[in-house]
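Asks: Numbering-wise (the numbering used here), the sequence shown opens with residue 9 and increments by one.
I'd like to ask you about the structure that follows.
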Amino acid sequence: MIREAWRSRAMSAQAAGQMQVQYAGDLTAEDHFGRADMFLWRGDTQSATSLMPKLSAGRKKVVEARIALMKNAKTVDKTVNAVPSEYIDDPGLLYDRARWAERKGRQSDELSYLLRINGEQAPAVGREAIWGEKQSVMRRMIRERDYPKAYNLAAGHGLLSGEAFRDAEWIAGWLALEKLNDPVKAEAHFRVFGAGVATPISVSRAQYWLGEALSKQQKIPEAQEAYLAASKFPYVFYGQLAAEKVRQQNPDAVKIAFSLPSQPTDEERAAFAKRIPVRASILLAETGRLASFERFSFALDDVLETAAEHQMLFDIAAGYLEMRAAVRGAKAGLGRGLVAPDAVFPLMPLPASPRTGSAEPALVLALSRQESEFNARAVSSADARGLMQMIPRYAQAEARLVGIPFKQSWLTDDPQYNLRLGRGFLDDLVDSFGGSYILAAAAYNAGPSRARQWINDFGDPRGNGVDPVDWIESIPFSETRNYVQRVLENTQVYRHRLAGAPVNIQLSDDLKRGRPR
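What follows is the structure, encoded as structure tokens:
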């Protein structure tokens with residue numbers, strides 16, 4: 009315990025000095041190197057240098073080389089060459105060599121160093137940093153279609169647990185299956201990924217891709233079981249794709265239909281409002297402390313036990329125009345199988361489109377839910393505003409095109425004004441990408457120029473030769489990958505909400521929408 013604490017814990021200089029004196033006979037030179045290593049992973053070269061007198065000669069050379077690399081010293085080559093051969097594959101040294109090569113534009117060297125790293129030999133503080141670098145280069149390898157190296161980077165992630173570990177296992181499985189045609193390896197990765205997830209989005213993703221891997225091995229009954237497991241989540245992207253896969257086996261699986269819960273009675277609402285956390289949140293809202301109200305709501309939504317309770321929390325939050333808290337609370341319920349449709353997928357009137365109307369109402373509502381959670385006052389760090397998170401300069405240009413006045417404050421003061429401009433802008437994106445919902449959503453989130461660049465990088469998802477699901481998963485920005493999937497899944501649900509009746513999932517058709525222009 010003492011040795012592990014010395015290697016991994018930050019502490020004051022006084023505490024560190026006392027520990028060295030008290031446990032001088034227990035701490036070895038390797039323990040001191042472990043502590044220096046920790047400091048270097050944190051970028052603290054000064055503290056690492058202070059431990060040099062306690063290191064072995066070989067370990068001193070490792071520390072000197074890492075510091076030289078981090079500081080871009082002119083003596084880098086000489087210092088690295090002085091490292092003894094038994095330490096030349098030290099994970100931290102290889103990581104810093106890769107970072108140095110990246111800064112120098114030496115991409116082949118960067119790749120070589122990263123492929124040599126065994127992340128499992130790195131301390132916990134270094135493993136995610138290593139994966140961050142590997143992931144960045146892996147995305148470049150995908151863009152360059154060097155899939156074997158991309159797979160080796162992903163499969164050699166070196167992580168042991170956590171969200172990043174699960175993400176790395178999933179992408180290793182995807183690369184093995186879709187790019188290397190190795191469903192056996194893919195199955196192993198997808199099973200590891202699936203063992204560590206619990207949310208509908210991730211469980212359906214794990215089961216869908218497990219089904220794909222099993223299907224390619226001709227294990228059809230097992231594949232159908234996996235698809236059926238994924239289809240139990242018809243409100244999320246991979247659950248919807250899986251439902252379409254099992255259409256013949258279970259026709260009802262491809263329909264979205266909410267079972268509307270009965271509305272809470274006046275007595276139930278009164279009892280709910282008397283709960284101490286609810287009373288506290290209402291008091292905060294009544295006194296104008298809306299940020300605190302939101303935090304209380306986020307804590308409260310984790311302990312609600314029925315769909316009706318989530319509906320009541322939504323109604324309270326919406327009554328104070330705190331739509332982010334309202335919708336997010338209902339989302340928390342949906343993640344636990346507590347479905348309050350009016351709360352988690354709220355409806356609102358849409359103005360007529362000022363343009364072509366190519367973006368159907370379900371798509372407009374789906375995108376608005378993802379952009380702002382229907383918070384009309386939302387302003388992002390990028391200055392995107394209102395329900396559809398319009399950038400003022402784009403909104404002004406859109407207003408000019410459709411012949412209406414523009415005032416920036418109207419973007420957050422007038423929800424219908426924001427929706428009118430946002431709907432026109434979305435129409436234009438759908439039209440400019442030949443009717444493609446995938447490309448329009450990607451462009452709305454990341455910009456039209458990036459969407460066009462990704463067509464160049466990964467092919468055109470509107471063409472027959474490109475799998476649109478693979479195209480989405482190839483997007484290098486995790487935010488945009490997630491965004492496109494959430495908008496498309498929400499579109500399926502809003503078709504049902506607008507129709508007021510069960511509707512077939514049409515996700516596969518939506519993925520194929522559009523013609524190259």
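Glycine included, C-beta positions come from ideal geometry on N, C-alpha and C.
Could you say if the region 64-72 and the region 86-97 meet the contact criterion of at least three C-beta pairs nearer than 8 Å?
Replies: Contact between the region 64-72 and the region 86-97 is present: three or more C-beta pairs spanning the two stretches fall below 8 Å.
Asks: Between Arg135 and the rest of its own chain, which residues show a CB-CB distance below 6 Å, the 5 nearest in sequence each way excluded?
Replies: Gly127, Gly166, Leu167
Asks: Bridge partners for Asn512 per DSSP, in chain order?
Replies: Partner(s): Lys263.
Asks: Nearest by alpha-carbon distance to Ile264: which of Arg15, Arg525, Gln22, Val501 is it?
Replies: Val501
Asks: Which partner residues of Met398 appear in the DSSP bridge assignment?
Replies: DSSP output for Met398 lists Arg393 as bridge partner(s).
Asks: So Asp323 is in the alpha helix (DSSP H); what residue range does that whole segment cover?
Replies: Run containing Asp323: 315-327, per the alpha helix (DSSP H) assignment.
Asks: Determine the direct distance from the alpha carbon of Arg336 to that of Trp14, and round the result to whole angstroms.
Replies: 42 Å
Asks: Quick one, are the C-beta atoms of Ala351 and Ala360 less than 8 Å apart?
Replies: Result no, Cβ atoms of Ala351 and Ala360 do not sit closer than 8 Å.
Asks: Mark Lys187 as exposed unless 16 or more other C-beta atoms lie within 10 angstroms of its C-beta, in which case mark it buried.
Replies: buried
Asks: Please look up how many angstroms separate the CB atoms of Pro469 and Ser444, rounded, as I've assumed it's under 8 Å.
Replies: 7 Å
Asks: Out of Ile324, Gln461, Met398, point me to the one whose CA is closest to Phe304's CA.
Replies: Residue Ile324 holds the alpha-carbon nearest to the alpha-carbon of Phe304 among Ile324, Gln461, Met398.
Asks: Which of helix, strand or coil does DSSP assign to Val205?
Replies: Val205 falls in the coil class under three-state DSSP.
Asks: Sort out for me which residues DSSP pairs Val387 with in a bridge.
Replies: Arg393
Asks: Considering just the uninterrupted stretch of the alpha helix (DSSP H) at Arg135, what are its terminal residues?
Replies: Per DSSP, Arg135 is one residue of the alpha helix (DSSP H) stretching across 132-151.
Asks: Enumerate in chain order the residues of its own chain whose CB-to-CB distance from Asn80 is below 8 Å, with the five nearest sequence positions on each side excluded.
Replies: Trp108, Arg111, listed in sequence order.
Asks: Under the three-state reduction of DSSP, which class applies to Asn160: helix, strand or coil?
Replies: helix
Asks: In whole angstroms, what separates the C-alpha of Trp462 from that of Ser58?
Replies: So the two alpha carbons sit approximately 48 Å from each other.
Asks: Classify Arg43 as helix, strand or coil using the three-state DSSP reduction.
Replies: helix
Asks: Report yes if the C-beta distance between Val495 and Leu375 is below 8 Å; otherwise report no.
Replies: yes
Asks: Using three-state DSSP, classify Val352 as helix, strand or coil.
Replies: helix
Asks: Secondary structure at Ser120, three-state DSSP: helix, strand or coil?
Replies: Under the three-state reduction of DSSP output, Ser120 falls in the helix class.
Asks: Quick one: is Gln22 buried, meaning 16 or more other Cβ sit within 10 Å of its Cβ, or exposed?
Replies: exposed
Asks: Please report how far the alpha carbon of Asp465 lies from the alpha carbon of Gly455, in whole angstroms.
Replies: 16 Å
Asks: Can you name, in chain order, every residue of its own chain whose Cβ lies under 7 Å from the Cβ of Arg401, other than the five neighbours on each side?
Replies: Here the set comprises nothing.
Asks: Determine the direct distance from the alpha carbon of Met331 to that of Lys224, and round the result to whole angstroms.
Replies: Just so you know, the alpha carbons of Lys224 and Met331 end up roughly 44 Å apart.
Asks: DSSP on Glu487, reduced to helix/strand/coil?
Replies: helix
Asks: For Met27, name the three-state secondary structure that DSSP assigns.
Replies: helix
Asks: Could you tell me whether the region 132-146 touches the region 154-173, using the rule of 3 or more Cβ pairs below 8 Å?
Replies: yes
Asks: Beta-carbon separation of Gln215 and Ala234 under 8 Å?
Replies: yes
Asks: Leaving out five residues before and five after Leu329 in sequence, what residues of the same chain have Cβ atoms less than 7 Å from its Cβ?
Replies: none
Asks: Quick check: what's the CA-CA separation for Gly467 versus Glu275?
Replies: 58 Å
Asks: Between Leu395 and Ser417, is the Cβ-Cβ spacing less than 8 Å?
Replies: no
Asks: Report the rounded CA-to-CA distance for Ile75 versus Pro99, giving the unit in angstroms.
Replies: The straight-line gap from Cα to Cα measures roughly 14 Å.
Asks: Buried or exposed: which applies to Glu152, given that a residue is buried once 16 or more other Cβ atoms fall within 10 Å of its Cβ?
Replies: exposed
Asks: Exposed or buried, Arg523, counting other C-beta atoms within 10 Å across all chains shown (16 or more means buried)?
Replies: exposed
Asks: Just to confirm, is the Cβ distance from Ser528 to Met46 under 8 Å?
Replies: Shown here, the chain extends from 9 to 525; a query on residue 528 therefore has no answer.
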